[in-house]
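Worksheet: one structure, shown below.
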Amino acid sequence: MTDTTMLDFGADRLAVGAQIELLCDSFPDLGTGAVAQAIRYSLLGAGKRIRAILLLSAYRAVGGRGDASALAAAVEVVHAYSLVHDDLPCMDDDDVRRGRPTTHRVFGPHVAAVAGVVMVPLAVRFMLISARGLGLPDEECGGIVQEFMRASGAAGMVGGQLLDLAGEARTLTLDELEKIHRAKTGRLIEAAVRVGGIAAGANNTELDALGRYGVALGLAFQIADDVLDATATTAELGKTAGRDAELRKSTYALLLGVDGARHRAHSLANEACGALDAAGLLTDELEQIARFSVERKK
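Sequential numbering of the sequence shown, starting at 59, is according to our numbering.
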């Protein structure tokens, strides 16, 4: 029986890691200064790579047969930029990420802020190169970039971060909390799944199912994060535990209780899998990722 508290996908991780190394070495205009070093430091940490794995799994589920690992690496650049900025003193002011000091603690907040900004156009450039490398027409290449940029912008990740900051020291309703996390966490996860489908030539019905999977999974993933922040240690998480309480944030664990939050996360994972199953797209890989997202230990 598969251990759903772990996520392997070793070949995918290695392929994406190799592409990230290539990315860091492919743009000489980055130079070798502090900003370039901060970008490498941020990208080469030992993350779960779950967004990249989701993209690759969705690509295969729709029937993609090429090597989409470079495209998957591009989404990890977007995610890494968000973590660099999320950890800044003016945001969550965190000191530990992925088991080591955060980027701003190593390079200083000014360099970290600039590095995060530089990673956005870097990701776009790599997305276009990667999409064209798969033989996709210009319209679909542009669509992939638009998908990621919408997910990252004011109506997605960045807007969700602003709502999250505004919600500190306030008791939020469940609806308010869901709005924050569907944007801050969920939109990039949804985009990763949809882009995997777009790259593989998914039709509108398939893209709709992939999107509904991504929306439900993104929220389930965040709820699991809330539970872990309340129940795990810093050593177990690889990042500072208990930060939500320190920042006086409303969380699912606070509003629903730990058991209630876990139940909600499992319900959403089931909803995600059901959306794909109804469209004939539920693979063992995508089901495993959904189960891992809510049963993981870090």
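Glycine included, C-beta positions come from ideal geometry on N, C-alpha and C. Here the structure is a predicted model, which is why all the values come from computation and not from measurement.
- When rounded, the separation of the alpha-carbon atoms in Arg-98 and Ala-267 is 35 Å.
- Under the three-state reduction of DSSP output, Arg-155 falls in the strand class.
- Taking a C-beta distance under 8 Å as the contact criterion, Arg-245 and Met-207 do not qualify as a contact pair.
- Pairwise C-beta distances place the segment 273 to 281 in contact with the segment 325 to 339, as three or more of them are shorter than 8 Å.
- By the CB criterion at 8 Å, Gly-254 and Leu-72 fall outside the cutoff.
- Note on geometry: alpha-carbon atoms of Gly-166 and Leu-146 lie some 9 Å from one another.
- Under the DSSP assignment, Ala-224 falls in the alpha helix (DSSP H) whose first and last residues are 215 to 224.
- Ser-84 sits away from Ala-132, with the two beta carbons spaced by 8 Å or more.
- Scanning the segment 254 to 301 from its first residue to its last, no whole beta strand (DSSP E) run of 3-plus residues comes out.
- According to the DSSP assignment, Ala-128 belongs to the alpha helix (DSSP H) that extends over 127 to 144.
- Taken atom to atom, the span from the alpha-carbon of Val-74 to that of Thr-289 is near 31 Å.
- For Leu-326, the enclosing alpha helix (DSSP H) has its first and last residue at 310 to 336.
- Per DSSP, Gly-174 is one residue of the alpha helix (DSSP H) stretching across 167 to 191.
- Secondary structure at Met-207: helix, using DSSP grouped into helix, strand and coil.
- In this structure, DSSP gives Gly-201 a helical state, which the three-state scheme calls helix.
- Relative to His-137, the option among Arg-190, His-239, Gly-105 whose CA is nearest is Gly-105.
- When secondary structure is reduced to three states using DSSP, Ala-119 falls in the helix class.
- Note that the C-beta distance between Val-154 and Val-93 is not below 8 Å.
- Taken atom to atom, the span from the alpha-carbon of Leu-192 to that of Gly-124 is near 7 Å.
- The beta-carbon separation of Asp-287 and Tyr-310, rounded to 10 Å, does not stay under the 8 Å limit for a contact.
- One alpha carbon belongs to Arg-118, the other to Ala-258, and they sit about 8 Å apart.
- By the Cβ rule, the segment 227 to 236 does not count as touching the segment 290 to 297, because fewer than three pairs are nearer than 8 Å.
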